[in-house]
Every structure is written in C-alpha cells, then in structure tokens.
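**Q** Residues are numbered in our numbering as their position in the sequence shown, beginning at 1, plus a constant of 268.
Where is the CB? At the ideal position from N, CA and C, for every residue including glycine.
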Amino acid sequence: MPDLVRPNLIEDLPIAADRYIGLDDGQSTMIGGVKITAIPAAHELLDRDEATGRYPYLGYILEYNGMALYHSGDTCIYEGMQDKLRQWTLDAALLPINGRDAERFKRNCIGNMTYQEAVDLAGAIRPRLTIPTHFDMFANNSENPQLFLDYIAAKYPKIKARMANYGECLIVKKAGE
C-alpha cells in the first residue's frame with residue numbers, strides 16, 4: 269500500500285499495524301517469494317505529498333520465478349511512466365480502461381486511462397499479455413472492453429490481449445512454456 273496512507277489505515281481498520289507494508293516509488297518488499305515494487309499511479313493527476321514527497325496512489329510490479337506482472341491500479345498515463353515500466357520485461361499488464369470525462373469529473377468520479385490510452389501504453393511497454401480492467405465496476409463509470417480488444421488487435425497485433433471473466437483464473441506462463 270502507499271506508505272503515505274498507511275497511518276490512516278492503521279487508525280481506521282482493526283488490523284495489526286505490522287501487517288501493513290507501506291511502499292513508495294521504487295521501493296520493494298518480498299512476500300512469500302514474490303517481489304513487489306511500487307511505481308507511482310496518476311489517479312487522474314500525478315499527486316505527490318509536498319511535505320514528504322511520497323505518492324498517495326501506486327501501481328505494482330510483481331516478480332516471481334522469472335516473471336513480471338504490472339498491476340496499474342487506478343491510473344492515467346503520466347510523463348516518465350513508460351520509461352519506469354520499460355525497466356521490466358513484462359509478462360502481463362493489467363490496465364484500467366474506464367476513461368474519464370467532464371461529466372464524471374463533475375460528479376467527483378476520478379478517472380483512469382481511456383481504452384485507447386491503455387492500448388498505446390501496452391504498445392510502448394510491450395507486455396506479452398495485456399488485460400483490461402476497471403471497465404464494468406460501476407454503472408456510470410464503465411467502458412466496453414471489446415473496444416479495447418479490437419483496438420489492440422488492430423494497432424498492435426503482436427501483443428496478446430485477453431479479457432478475464434468474473435471469477436475466472438487466468439494462468440500466465442513463462443515465455444516458451
């Protein structure tokens with residue numbers, strides 16, 4: 269979790285403080301053999317606490333057994349994001365596609381990447397598999413995932429994309445397996 273919000277969660281939730289692992293940009297931790305590295309997320313803007321320099325929103329790279337997965341969380345593309353992500357050879361990237369617009373912003377519904385932006389981010393970072401997320405969580409803040417799948421197939425045919433169904437277990441294997 270973002271280290272910046274860790275104190276609030278410790279105060280608000282009935283979970284032992286030592287169970288919360290706070291990270292910030294570039295920091296990593298190991299849990300059960302999985303290395304988790306934090307990178308900033310821009311939920312809708314790239315916010316940074318002025319006093320501490322820490323980020324309130326993060327995405328995570330999970331590395332295990334020679335594989336790397338990026339879970340962006342809520343984010344829009346920001347300057348330097350592609351360069352950060354290119355540090356890894358990503359086997360999978362989970363990217364939000366529900367977008368943002370003026371109407372949602374007026375309702376205080378903070379947005380994410382559009383499906384086109386998510387496709388272009390995938391084109392820049394070249395994961396072996398891209399999985400769209402955040403497309404059907406709320407009635408007034410959704411997107412058709414088929415638009416993402418059609419666009420990535422047309423624009424970047426060498427990048428595989430797959431939509432996961434509710435409750436479905438997707439297994440991502442190492443290249444060549």
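For residue 340, tell me which candidate among 319, 363, 334 has the shortest Cα-Cα distance.
**A** When each option's Cα is compared against that of residue 340, the closest is 363.
**Q** Tell me the rounded alpha-carbon separation between residue 285 and residue 278.
**A** Between residue 285 and residue 278, the C-alpha separation is close to 6 Å.
**Q** Find the nearest neighbour of residue 368 within the set 352, 408, 396, 361, judged by alpha-carbon distance.
**A** Out of 352, 408, 396, 361, 408 has the C-alpha closest to the C-alpha of residue 368.
**Q** Out of 297, 365, 392, 380, which one is the CA nearest neighbour of residue 314?
**A** Closest by alpha carbon: 380.
**Q** Using 10 angstroms around the beta-carbon of residue 276, count the other beta-carbons present and answer buried if the total reaches 16, otherwise exposed.
**A** Exposed, since its Cβ has fewer than 16 Cβ neighbours within 10 Å.
**Q** May I ask you to report which of helix, strand or coil DSSP gives residue 425?
**A** DSSP places residue 425 in coil when its eight states are reduced to three.
**Q** From residue 427 to residue 438, what does the alpha carbon distance come to, in whole angstroms?
**A** Each residue's alpha carbon lies about 17 Å from the other.
**Q** Hey, quick one: how far does the alpha helix (DSSP H) through residue 383 stretch, first residue to last?
**A** Taken as a continuous stretch (DSSP letters only), the alpha helix (DSSP H) holding residue 383 covers 383-393.
**Q** Can you check whether the CB of residue 358 is closer than 8 Å to the CB of residue 393?
**A** Against a cut-off of 8 Å, the Cβ pair of residue 358 and residue 393 comes out as a contact.
**Q** So, with DSSP's three-state summary, where would you put residue 319?
**A** Coil, per DSSP.
**Q** Of all the options 274, 356, 342, 350, which has the alpha carbon lying nearest to the alpha carbon of residue 336?
**A** Comparing Cα-Cα distances from residue 336 to each of 274, 356, 342, 350, the minimum goes to 356.
**Q** In three-state terms, what does DSSP make of residue 269?
**A** Coil at residue 269, not helix or strand.
**Q** For residue 319, count the other beta carbons within 10 Å of its own beta carbon; 16 or more makes it buried, fewer makes it exposed. Which is it?
**A** Label assigned to residue 319: exposed.
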